[in-house]
Amino acid sequence: MRSKKSRLNDSDSSTAPKRRKGKTSTDDHAGANVSLGLMREFVSAIFDVGLKHASPSAIMEFMHPNPNITSERVKSHLQKYRKNRDKSRKEFMTSYENSLQGFKIVQEKISMMTRVRIGEDSLVVRLQLIAPISCHRREE
DNA sequence: GTCGGAATAT
DNA sequence: CATATTCCGA
């Protein structure tokens, strides 16, 4: 019946209720890297189960049973994995779109130059005024 | 009660 | 920045 723990911790964080995870030792030491093999396994498992259906439990199915690995840890790694993935995709998309736009601009200039060479001056000027962006046909 | 995921904390 | 913990909805 104690406090409901509002979203933001209502100050008073002194009596650390944090429960430290019992270090079951087994293999991991070196606080720096929390097991490399496990990370490898994790990613590999994601490929196995498929990106679409990747869920903590599903991923764990494809990993060697390890008492240290809990669904919560997998879940956390999944979150990180997805975040990185989204970031990569976004970056790729923007760079790709930028490339496309640059290409379009070049195309426009080229077609304009072509028209200048072909047409009479007055006609070209009017064309440019009316239709700055021309649609070109490529069939046959 | 569990599970998955986002939000938040360390 | 990586990992852990918490909150919340199916």
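In this text, residue positions in the first sequence follow UniProt numbering: the first is 1, and each later residue adds one. Don't be surprised by glycine CBs; every beta carbon is placed ideally from N, CA and C. Since the structure is predicted, the reported quantities are computational estimates derived from the model, not experimental observations.
CB-CB length for residue i against residue j, believed under 8 Å
| i | j | result |
| --- | --- | --- |
| Val74 | Met60 | 6 Å |
| Ala54 | Leu78 | 6 Å |
| Val49 | Phe62 | 6 Å |
Same chain, Cβ closer than 7 Å to residue i, five either side skipped, listed in chain order
| i | result |
| --- | --- |
| Pro56 | Ser71, Val74, Lys75 and Leu78 |
| Ala30 | Low per-residue confidence applies at Ala30: pLDDT is 41, beneath 50, and the placement is therefore not dependable enough to give any value. |
Spatially closest choice to residue i from the options, by CA coordinates
| i | options | result |
| --- | --- | --- |
| Pro65 | Leu38, Ile110 and Lys80 | Leu38 |
| Arg85 | Ile46, Lys109 and Glu41 | Ile46 |
| Ile69 | Val116, Leu36 and Lys52 | Leu36 |
Counted within 10 angstroms of its Cβ, other Cβ atoms place residue i as buried (16 or more) or exposed
| i | result |
| --- | --- |
| Glu108 | exposed |
| Glu41 | buried |
Distance cut-off 7 Å: residue i Cβ against heavy atoms of the ligand COA
| i | result |
| --- | --- |
| Lys75 | Ligands are entirely absent from the displayed structure, and the ligand COA is therefore not among its contents. |
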